[in-house]
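Q: Structure incoming, see below.
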Amino acid sequence: MKYLPLLVLMLALPFAPAAVAESPIAIAVHGGAGTIERGRLSEERELAIREALEKAVRAGHEILESGGSSLDAVTAAVEILEDAPEFNAGRGAVLTSEGTVELDASIMDGGSLDAGAVASVKGVRNPIQAARLVMTDSPHVMLVGEGAATFARNRALKFADDDWFITDFRREQLEAIQSRQDAQITELSEDWYSTVGAVAIDGEGNLAAATSTGGMSNKRWGRVGDSPIIGAGTYADNRSCAVSATGHGEYFIRHVVAYDICARVFYTGQTLAEASDTVINEVLRQTGGDGGVIAVDLQGRISMPFNTAGMYRAAIHADGRLEVGIYDDEAE
Ligand code: ASP
668 MKYLPLLVLM
678 LALPFAPAAV
688 AESPIAIAVH
698 GGAGTIERGR
708 LSEERELAIR
718 EALEKAVRAG
728 HEILESGGSS
738 LDAVTAAVEI
748 LEDAPEFNAG
758 RGAVLTSEGT
768 VELDASIMDG
778 GSLDAGAVAS
788 VKGVRNPIQA
798 ARLVMTDSPH
808 VMLVGEGAAT
818 FARNRALKFA
828 DDDWFITDFR
838 REQLEAIQSR
848 QDAQITELSE
858 DWYSTVGAVA
868 IDGEGNLAAA
878 TSTGGMSNKR
888 WGRVGDSPII
898 GAGTYADNRS
908 CAVSATGHGE
918 YFIRHVVAYD
928 ICARVFYTGQ
938 TLAEASDTVI
948 NEVLRQTGGD
958 GGVIAVDLQG
968 RISMPFNTAG
978 MYRAAIHADG
988 RLEVGIYDDE
998 AE
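Last residue of the sequence shown? That's 999 in the working numbering, and every number before it is there in order.
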């Protein structure tokens with residue numbers, strides 16, 4: 668009987684709780700990339716932008732820290748940036764050629780590859796919530812225009828009117844564009860793109876990405892960019908990484924940027940830094956596509972490359988370090 672304790676142990680072992688290997692948590696947000704050179708922004712505006720980025724990344728990180736999901740973290744972070752008037756998403760979005768606001772957003776769950784998006788939607792206060800409901804409460808991936816608004820209304824999402832969305836800054840921006848052009852050309856957001864986005868990994872190793880935008884200033888004909896297109900502006904896959912993009916949407920669509928970065932990591936074994944840098948600084952740059960991405964991989968490593976003078980960005984790395992940056996010379 669001297670082996671009895673050993674026998675008991677062997678029988679009990681399969682039922683013992685497995686040691687759960689906690690994944691590192693990490694999150695990054697962006698508020699757009701472009702010709703953001705020192706001195707172009709007023710001190711006041713620069714401070715407001717840095718504060719909003721920090722607030723958004725901290726809110727998402729708190730959710731991750733308390734055991735919440737990466738989907739909840741990216742949704743919360745993007746909502747904060749949608750509500751901040753400094754960025755081209757939700758409140759403060761750029762205006763169409765008719766002076767209206769048409770919003771695009773998308774979200775993706777890296778565990779299930781479920782995704783949701785809305786495009787050219789009007790009046791929905793937080794389009795990222797609508798995108799998330801498309802993912803969770805409909806059999807579809809993308810809803811557009813009136814239909815997307817009806818869906819959001821039926822799901823009791825908050826609506827807002829022009830007073831909420833349209834800022835003086837955007838009105839003046841549109842006037843300036845229309846007065847100096849023949850209005851045939853869609854303006855590249857006065858040389859910068861201030862779409863917002865977030866990527867995160869949670870304690871269970873799930874990746875998520877979300878992106879929200881007003882698109883491009885003076886857009887017409889129902890133009891839609893990369894932000895609501897899964898694979899172009901947003902992608903997440905637990906086998907590789909999560910990516911949210913900002914920049915000249917047409918190029919990001921043609922090069923399927925977010926998916927290409929994840930595919931490189933998955934199929935070629937490139938690190939996240941190599942893959943995202945190659946796509947932004949070689950593939951896109953060679954064709955004239957301006958912009959950048961934020962990305963996070965399974966180890967919680969964050970990359971935020973851009974080929975423009977600056978990108979509004981913030982991150983809380985796996986070691987807890989906070990990074991907030993605008994200019995190129997602040998890049999790590
Ligand atoms: N990517 C967005 C679009 O093309 C613009 C932006 O990043 O600000 O609609």
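No residue lacks a Cβ here, since even glycine has one placed at the ideal position from N, Cα and C.
(1) Going by Cα to Cα distance, which pick from 840, 745, 736 is closest to residue 885?
(2) Helix, strand or coil: how does DSSP classify residue 978 here?
(3) For the alpha helix (DSSP H) containing residue 802, list its first residue and its last residue.
(4) When DSSP labels each residue in this structure, what does residue 986 get in the three-state scheme?
(5) Contact between the stretch 782-794 and the stretch 910-919 is defined here as three or more beta-carbon pairs at a separation below 8 Å; is this criterion met?
(6) Mapping DSSP to helix, strand and coil, what is residue 827?
(7) Under 8 Å, Cβ to Cβ, is there at least one residue of chain D near residue 946?
(8) Using a 10 Å radius around the Cβ and a threshold of 16 neighbouring Cβ atoms, would you call residue 949 buried or exposed?
(9) My output table needs one value for residue 808: the three-state DSSP class, helix, strand or coil.
(10) Given a cut-off of 8 Å on the beta-carbon distance, is the pair residue 822 and residue 804 in contact?
(11) Hey, out of 921, 749, 890, whose CA is closest to residue 861's CA?
(12) Find the nearest neighbour of residue 759 within the set 830, 864, 921, judged by alpha-carbon distance.
(13) Quick one: measure Cβ to Cβ for residue 728 and residue 983, integer angstroms, because I've assumed they're closer than 8 Å.
(14) Looking only at its chain, what residues have a beta carbon closer than 7 Å to the beta carbon of residue 930, apart from the 5 residues adjacent to it on each side?
(15) Identify which residue in 740, 801, 809 has its Cα closest to the Cα of residue 824.
(16) Please report the Cβ distance between residue 870 and residue 689, rounded to the nearest whole angstrom; I am assuming they are in contact, meaning their Cβ atoms lie under 8 Å.
(17) Within its chain, find whatever has a CB closer than 8 Å to the CB of residue 905; leave out the 5 residues flanking it on each side and keep chain order.
(18) Reducing DSSP to helix, strand and coil, say where residue 996 ends up.
(19) Grab me the residues of residue 940's own chain with a C-beta within less than 6 Å of its C-beta, minus the 5 sequence neighbours each way, in chain order.
(20) Use the C-beta contact count for residue 787: other C-beta atoms within 10 angstroms, 16 or more gives buried, fewer gives exposed.
(21) Should residue 771 be labelled buried (16 or more other beta-carbon atoms within 10 Å of its own) or exposed?
(22) Does residue 686 pass the burial test, meaning 16 or more other C-beta atoms within 10 Å, or should it be called exposed?
(23) Pop quiz: residue 864 and residue 911 are said to be a contact at Cβ under 8 Å. What is the actual Cβ separation, rounded to whole angstroms?
(24) Does any heavy atom of the ligand ASP sit closer than 7 Å to the C-beta of residue 927?
(25) Where does residue 826 land, buried or exposed, given buried means 16+ other C-beta within 10 angstroms?
(26) Rounded to whole angstroms, what's the CA-CA distance from residue 741 to residue 977? Just pull it up for me.
(27) Helix, strand or coil, according to DSSP, for residue 865 in the structure here?
(28) What residue from 882, 715, 989, 714 has the CA that sits closest to residue 764's CA?
(29) If the criterion is Cβ atoms closer than 8 Å, does the pair residue 731 and residue 774 meet it?
(30) In chain order, what residues of the same chain lie with their CB nearer than 7 Å to the CB of residue 932, ignoring the 5 residues before and after it?
(31) By DSSP, does residue 934 sit in helix, in strand, or in coil?
(32) Measuring CA to CA, which of 719, 766, 789 is closest to residue 813?
(33) Do you know whose CA, among 747, 735, 954, 973, lies nearest residue 962's CA?
(34) Would you please state the rounded distance, in angstroms, between the beta carbons of residue 724 and residue 700? I believe it to be under 8 Å.
(35) For residue 696, report the span of its beta strand (DSSP E) as first-last.
A: The structure says:
(1) Here residue 885 corresponds to residue number 218 of the sequence shown, with the count starting at 1. Ranking the options by Cα distance to residue 885, first place goes to 840.
(2) The residue you call residue 978 lines up with position 311 of the sequence shown. Reduced to three states, the DSSP call for residue 978 is strand.
(3) On the sequence shown, residue 802 is found 135 positions in, with the first residue counted as 1. Note, residue 802: alpha helix (DSSP H), 794-804.
(4) Start at 1 with the first residue of the sequence shown, and residue 986 comes out as number 319. In this structure, residue 986 counts as coil in the three-state DSSP scheme.
(5) Because the criterion of three Cβ pairs below 8 Å is not met, the stretch 782-794 and the stretch 910-919 do not touch.
(6) Here residue 827 corresponds to residue number 160 of the sequence shown, with the count starting at 1. Coil at residue 827, not helix or strand.
(7) No chain D appears in the structure shown, which is made up of a single protein chain.
(8) Indexing the sequence shown from 1 puts residue 949 at position 282. Its Cβ having fewer than 16 others within 10 Å, residue 949 is exposed.
(9) Taking the first residue of the sequence shown as 1, we reach residue 808 at position 141. Correct three-state label for residue 808: coil.
(10) One-based indexing of the sequence shown puts residue 822 at position 155. One-based indexing of the sequence shown puts residue 804 at position 137. Their beta carbons are under 8 Å apart, which means residue 822 touches residue 804 by this criterion.
(11) Translated into positions along the sequence shown, residue 861 becomes position 194. Here the closest residue by C-alpha is 749.
(12) Locating residue 759 in the sequence shown gives position 92, where the first residue counts as 1. The option with the nearest alpha carbon to residue 759 is 830.
(13) For this step, residue 728 is matched to residue 61 along the sequence shown. For this step, residue 983 is matched to residue 316 along the sequence shown. About 4 Å separates the two Cβ atoms, so the contact holds.
(14) Counting from 1 along the sequence shown, the entry for residue 930 is found at position 263. Excluding sequence neighbours, residue 930 sits near nothing in its chain.
(15) Numbered from its first residue, the sequence shown carries residue 824 at position 157. Among 740, 801, 809, the Cα nearest to that of residue 824 is on 801.
(16) Residue mapping note: residue 870 aligns to position 203 of the sequence shown, counting from 1. Residue mapping note: residue 689 aligns to position 22 of the sequence shown, counting from 1. That pair is a contact at about 5 Å.
(17) The count along the sequence shown starts at 1 and reaches residue 905 at position 238. Contacts found: 777, 778, 872, 873, 874, 965.
(18) Indexing the sequence shown from 1 puts residue 996 at position 329. Of the three classes helix, strand and coil, the one that applies to residue 996 here is helix, per DSSP.
(19) Here residue 940 refers to the residue found at position 273 of the sequence shown. For residue 940, where only same-chain residues beyond five positions count, the Cβ hits under 6 Å are 970.
(20) Position 120 of the sequence shown, counted from the first residue, corresponds to residue 787. Taking a 10 Å sphere around the C-beta of residue 787, we find 16 or more other C-beta atoms and assign the residue as buried.
(21) As a first step, residue 771 is located in the sequence shown; it is residue number 104 there, counting from the start. By the neighbour-count criterion, in which a residue is buried when 16 or more other Cβ atoms sit within 10 angstroms of its Cβ, residue 771 is buried.
(22) Here residue 686 refers to the residue found at position 19 when the sequence shown is read from its first residue. Its pLDDT being 46, under 50, residue 686 is placed unreliably by the model, and the measurement read from it follows with that caveat. With fewer than 16 Cβ atoms within 10 Å of its Cβ, residue 686 is classed as exposed.
(23) As a working note, residue 864 is residue 197 in the sequence shown. As a working note, residue 911 is residue 244 in the sequence shown. Going by Cβ atoms, the distance from residue 864 to residue 911 rounds to 3 Å, so yes, they are a contact pair.
(24) Walking along the sequence shown from the start, residue 927 turns up at place 260. No; taking the cut-off as 7 Å, the Cβ of residue 927 has no heavy atom of the ligand ASP nearer than that.
(25) As a first step, residue 826 must be located in the sequence shown, where it is residue number 159. Exposed, because fewer than 16 other Cβ atoms sit within 10 Å of the Cβ of residue 826.
(26) Here residue 741 refers to the residue found at position 74 when the sequence shown is read from its first residue. Here residue 977 refers to the residue found at position 310 when the sequence shown is read from its first residue. Take the alpha-carbon of residue 741 and the one of residue 977: they are about 22 Å apart.
(27) In the sequence shown, counting from the first residue as 1, residue 865 sits at position 198. Three-state result, residue 865: strand.
(28) The count along the sequence shown starts at 1 and reaches residue 764 at position 97. Taking only the C-alpha atoms, the option nearest residue 764 is 882.
(29) Residue 731 sits at position 64 when you count from the first residue of the sequence shown. Residue 774 sits at position 107 when you count from the first residue of the sequence shown. The answer is no: Cβ separation not under 8 Å.
(30) Counted from its first residue, the sequence shown places residue 932 at position 265. These residues qualify, in order along the chain: 907, 908, 939, 942, 964.
(31) Working through the sequence shown from its first residue, we reach residue 934 at position 267. Three-state result, residue 934: helix.
(32) Taking the sequence shown and counting its residues from 1, one reaches residue 813 at position 146. Closest option to residue 813, Cα to Cα, is 789.
(33) In the sequence shown, residue 962 corresponds to position 295, counting from 1. Checking every option, the nearest Cα to that of residue 962 belongs to 973.
(34) The residue you call residue 724 lines up with position 57 of the sequence shown. The residue you call residue 700 lines up with position 33 of the sequence shown. Not quite, the Cβ-Cβ distance comes to about 17 Å (not below 8 Å), so this is no contact.
(35) Looking up residue 696 in the sequence shown gives position 29. 693-701 is the span of the beta strand (DSSP E), which, as asked, contains residue 696.
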